[in-house]
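Participant: Heads up: the sequence lines are chains A and G, in that order. In terms of the working numbering, the numbers along the first sequence are unbroken and rise by one, the last being 294. In terms of the working numbering, the numbers along the second sequence are unbroken and rise by one, the last being 749.
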Amino acid sequence: MLVINNLKATISGKNILKGISLKVKPGEIHAIMGPNGSGKSTLAAVLAGREFVEVTEGTVTYLGKDLLSMSPEERAKEGIFLGFQYPIEIPGVSMVNFMKTAVNEHRKHKGLDPLSASDFLKLMREKKEMVEIDSKLANRSVNEGFSGGEKKKNEIFQMAMLEPRLAILDETDSGLDIDALRIVANGVNKIKRPDNSFIVITHYQRLLDYIVPDVVHVLYDGRIVKTAGKELALELEEKGYDWIKKEVENSILA
Amino acid sequence: MNGKSETTEKYLKLYHDNIDKISDNSAPYLNSFREEAFGRFSELGIPTKKDEAYKYTNLSLFFDHDYASYFIPDAADFEKAEEFRCDISDMDTHGIVLLNGFYPTINEKLRQLPSGVWIGSLNAAAKKFPEIIEKHYGKYAHTDTDGLVHLNTAMASDGIFVYVPEGVILSKPVQVVNLVQAEVDSFSQHRNLIIVEKRAEFSIIICDHTLSPKKFLTNAVTEIFVGEDAHFDIIRVQNEHNAACKITHTFIHQERNSVASSNNMTLHGGLIRNSTYHYLGGEGAESHSFGLFLADKWQHVDNFVNVDHAFPHCTSNQLFKGVLDDMSTGTFNGRIYVRPDAQGTLAYQKNNNILLTDDAKMDTKPQLEIYADDVKCSHGATVGQLDGDALFYLQSRGINKREARLMLMFGFAHEVIQNIKIEPLRDRMDNLVMQRLRGELSRCASCMVKCG
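#1: Roughly how many angstroms lie between the CA atoms of residue 235(A) and residue 583(G), to the nearest whole one?
#2: I'd like to know whether the C-beta of residue 696(G) is nearer than 8 Å to at least one C-beta of chain A.
#3: What number of angstroms, rounded off, separates the C-alpha of residue 532(G) from the C-alpha of residue 139(A)?
#4: Select from the stretch 85 to 102 of chain A all residues with a C-beta closer than 7 Å to any C-beta belonging to chain G, and list them in chain order.
#5: Keeping to the same chain, check which residues put their C-beta closer than 6 Å to that of residue 673(G); ignore five residues upstream and five downstream.
#6: For the beta strand (DSSP E) that contains residue 345(G), what are its first and last residues?
#7: Compare the C-beta of residue 348(G) with all C-beta atoms of chain A and state if any pair is closer than 8 Å.
#8: For residue 705(G), which residues in chain A fall below 9 Å Cβ to Cβ?
#9: Considering only residues of the same chain and omitting the five flanking positions on each side of residue 739(G), which have a CB-CB separation below 7 Å?
#10: Interface residues of chain A around residue 711(G) at Cβ under 7 Å?
#11: Contact between the stretch 91 to 107 of chain A and the stretch 244 to 256 of chain A: three or more CB pairs below 8 Å?
#12: Just confirm the distance between the C-beta atoms of residue 573(G) and residue 586(G), as a whole number of angstroms; I'd bet it's less than 8 Å.
#13: Contact defined as beta carbons within less than 8 Å: I believe residue 365(G) pairs with residue 477(G). What is the distance between those atoms, to the nearest angstrom?
#14: Can you give me the C-alpha to C-alpha distance between residue 170(A) and residue 164(A), rounded to a whole angstrom?
#15: Among the candidates 645(G), 595(G), 599(G), whose CA atom is the shortest distance from the CA of residue 605(G)?
#16: So with Cβ pairs under 8 Å, would you call residue 117(A) a contact of chain G?
#17: Determine, using beta-carbon pairs with one atom in the stretch 96 to 109 of chain A and one in the stretch 282 to 291 of chain A, whether at least three such pairs fall under 8 Å.
#18: Can you give me, in chain order, the residues of the stretch 302 to 332 of chain G that have a beta carbon less than 9 Å from any beta carbon in chain A?
#19: If we ignore side chains and look at the alpha-carbon of each, how far apart do residue 539(G) and residue 736(G) end up?
#20: Beta strand (DSSP E) containing residue 595(G): first to last residue?
#21: Can you check whether the CB of residue 369(G) is closer than 8 Å to the CB of residue 454(G)?
#22: Quick one, which of 681(G), 472(G), 339(G), 727(G) has its alpha-carbon nearest residue 446(G)'s?
#23: Looking at the C-beta of residue 733(G), does it have a partner C-beta in chain A at a distance below 8 Å?
#24: Helix, strand or coil: which one does DSSP assign to residue 210(A)?
#25: What does the Cβ neighbour count give for residue 748(G), buried or exposed, with the cut at 16 atoms within 10 Å?
#26: Within the continuous alpha helix (DSSP H) that includes residue 446(G), where are the two ends?
#27: Rounded to the nearest angstrom, how far is the Cβ of residue 631(G) from that of residue 649(G), given a contact under 8 Å?
#28: Residues in its own chain within less than 6 Å of residue 502(G) by CB, not counting five upstream and five downstream?
#29: Which whole runs of the beta strand (DSSP E) in the stretch 632 to 664 of chain G are 3 residues long or more, in chain order?
#30: Under the assumption that residue 552(G) contacts residue 524(G) (Cβ atoms under 8 Å), give the Cβ distance between them as a whole number of angstroms.
#31: Please say whether residue 142(A) and residue 723(G) have beta carbons closer to each other than 8 Å?
#32: Using DSSP with H/G/I as helix, E/B as strand and the rest coil, what is residue 298(G)?
#33: So residue 409(G) is in the alpha helix (DSSP H); what residue range does that whole segment cover?
#34: Taking only the alpha-carbon atoms, compute the straight-line gap between residue 303(G) and residue 569(G) and give it to the nearest angstrom.
#35: Quick check on residue 681(G): buried or exposed, where buried means 16 or more other Cβ atoms within 10 Å of its Cβ?
#36: Does the beta carbon of residue 525(G) come closer than 8 Å to any beta carbon on chain A?
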């Protein structure tokens, strides 16, 4: 589904990603962990198409296509979804109007007619129930005045509405209490199918108690320094990141 | 020349040439203000950029022009106005159609609505209800600095009168459709008086349209009295062509525990200046001043707001927004004046503007003068581009960039529109603004003039 090959990227001239390679197959959940400043969010930004990150080397192939040549909206319509670490408040734009426009753009891309008003509201209702989001939130302006937890739940709701093939969740768990965390994780588990994939970027292991990854990568200083199964997350939880840092430094010295 | 500008001299002459004709038709009480007002006007003159309150607005473009007519209404003028129908079909209103600010003379000049409400011609009302007029006329339009208000008092002969007696709640709004039409370049001045007595509730919508492609200059004064515990809303929808200049001065006088709002929606016009004065003249009064404008080409839109907290425990709120395209320019000047006795004042002001091009320009100036101690006051002004993060957020959900920009601009504008309480009008404004942002014409379907 996604093949990242030797990806290097800079932000304002500073090297952030220093050669990342990664393969995600359909139905897989990959967790990307790592200390602060290791490049996790930059990787998510590159995949979603943010302009402030400049790709200097490497390729990203998504479903056989060159992802880096696509605009952010094309990527979204091809099935990529980014769950934001800091969702944006947009006063004056209603959730209903926002989602209706987005869903119908996706439908247009697939050659389908726009949903009727009643079918759209029905879909909203179903997905709201599915991800246990408060009904009232959907009647407000996009994220305006939402609490941190509500914003993250709203990301999961949007994901449910758009049914992506590849969802990248950028620290969706940060700032969540345990109940909100469970709702977010349950949302992901309900949306998961054999033909879609997730990249879950997280700082802590606790989200992975609820979303069980197939593969865990550790990102450090712009490189993936370790890849293993879900047990790696537990090890990190227990020992922290220092031993990884040491391993990396030792290997450089050696 | 006595140091007066050539422009001002022209209007002094205009007064002398027309004052007999104006006075002959006007109620004596209206005439009793003219001489003094004329005196004040001759001292102050037509405002120039040297006047602080007009620093960024060049009136000379319109005031230097020679208008072929000074508009004094005549029965024959009104036939076309009577044919005009507004197309907001699901809006249930008491309608008035005005021509160049004046009430038609072919039907009854004053109309009585249920519960003793009167709407119609100010001049006719001044003859029929002298005691009401004498209590309110000329009592609220105070200014020591703006000569245009005095010019209006000196020369205006008519306009709208609305009287809502004590305790009466008018569930339907009054809608005034003000058509500007003449076959020659024209200057007109009208004068409105709206009285909302104790515990009454009332809202008025004023729609300004131009119907012929001539150059127009309008200088209008509206005085509004909002009695104790009364509720009042005024919404202006300005949609005129680029050769039209509209100057409005609205004075809202509020008594104790009253709630009043003003909303200036400027969709189109050559040069627009809206001065809104809120006088909080009793404890617990609450005022809201809203404004939205969309400008392009060489348009200029100037909003001037003066909120006077004269009594304790009053609340005021200002929210003004502008979207400026091409080489259009805009000005916002918001003054909050808190007098020494006005303890417990809450006063808020927000002015946000989006510049869509490098050539568009916006000047914004908050002016806070606070002489009381126990005051909560906040103000903020921004001039900038669309938020890049918000744009990306929409795009990342599959919405193309052009549509995402439109959604953001619409959302920006909607924050002002959502304060309109009359639902069909709110929906209509949303629609008009969306059309305007898409570059389609925002004129109402039945309007005969292409505002382009």
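By construction, the Cβ of each residue, glycine as well, lies at the ideal position given by its N, Cα and C atoms.
Facilitator: So, from the listed chains and residues:
#1: Separation of residue 235(A) and residue 583(G) (C-alpha to C-alpha, rounded to the nearest whole angstrom) is 58 Å.
#2: At a cut-off of 8 Å between beta-carbon atoms, residue 696(G) makes contact with chain A.
#3: In a straight line, the C-alpha of residue 532(G) is about 31 Å away from that of residue 139(A).
#4: Answer in chain order: 88, 90.
#5: Counting only Cβ-Cβ distances below 6 Å, and skipping sequence neighbours, we find 643.
#6: No residue range can be given for residue 345(G), since it is assigned to no beta strand (DSSP E) and is classified by DSSP as neither H nor E.
#7: Under the 8 Å criterion on CB atoms, residue 348(G) is classed as non-interfacial with respect to chain A.
#8: The answer, in chain order, is 130, 132, 133.
#9: At residue 739(G) the pLDDT is 48, less than 50, meaning the model places this residue with poor confidence and gives no usable figure here.
#10: Here the neighbours are 132.
#11: Contact between the stretch 91 to 107 of chain A and the stretch 244 to 256 of chain A is absent: fewer than three C-beta pairs spanning the two stretches fall below 8 Å.
#12: That pair is a contact at about 6 Å.
#13: So it is not a contact: roughly 14 Å between Cβ atoms.
#14: C-alpha separation (whole angstroms): 10 Å.
#15: 645(G) is the residue among 645(G), 595(G), 599(G) whose C-alpha sits nearest the C-alpha of residue 605(G).
#16: With its beta carbon less than 8 Å from one in chain G, residue 117(A) belongs to the interface.
#17: In the pairwise beta carbon analysis, the stretch 96 to 109 of chain A is classified as not touching the stretch 282 to 291 of chain A: fewer than three pairs are separated by under 8 Å.
#18: Sequence-ordered contacts of the stretch 302 to 332 of chain G with chain A are nonexistent [C-beta pairs closer than 9 Å].
#19: Spanning the two alpha carbons is a distance of roughly 15 Å.
#20: It is not in any beta strand (DSSP E) - residue 595(G) carries neither H nor E in the DSSP assignment.
#21: Remark: C-beta atoms of residue 454(G) and residue 369(G) approach each other more closely than 8 Å.
#22: It is 339(G) whose Cα lies nearest to the Cα of residue 446(G).
#23: False, the Cβ-Cβ gap to chain A never drops below 8 Å.
#24: In this structure, residue 210(A) counts as strand in the three-state DSSP scheme.
#25: Since pLDDT at residue 748(G) reaches only 37, below the 50 mark, its modelled position is unreliable, and the value read off the structure follows with that caveat. Looking at its Cβ environment, which holds 16 or more other Cβ atoms inside 10 Å, residue 748(G) is buried.
#26: Residue 446(G) -> alpha helix (DSSP H) spans 444 to 452.
#27: The pair is not a contact, with the Cβ atoms about 12 Å apart (cut-off 8 Å).
#28: 470, 472, 532, listed in sequence order.
#29: As far as the stretch 632 to 664 of chain G is concerned, its whole beta strand (DSSP E) runs of at least 3 residues are 642 to 652.
#30: Residue 552(G) to residue 524(G), Cβ: 5 Å. Contact.
#31: Taking 8 Å as the Cβ cut-off, residue 723(G) and residue 142(A) do not qualify as a contacting pair.
#32: Because the pLDDT of residue 298(G) is 41, which lies under 50, any placement of that residue in the model is unreliable, and the question is left without a value.
#33: For residue 409(G), there is no enclosing alpha helix (DSSP H); the residue is part of the beta strand (DSSP E) that begins and ends at 407 to 410.
#34: Distance from the CA atom of residue 303(G) to the CA atom of residue 569(G), rounded to whole angstroms, is 23 Å.
#35: Exposed is the call here.
#36: Taking Cβ atoms only, chain A never reaches closer than 8 Å to residue 525(G), which makes this a no.
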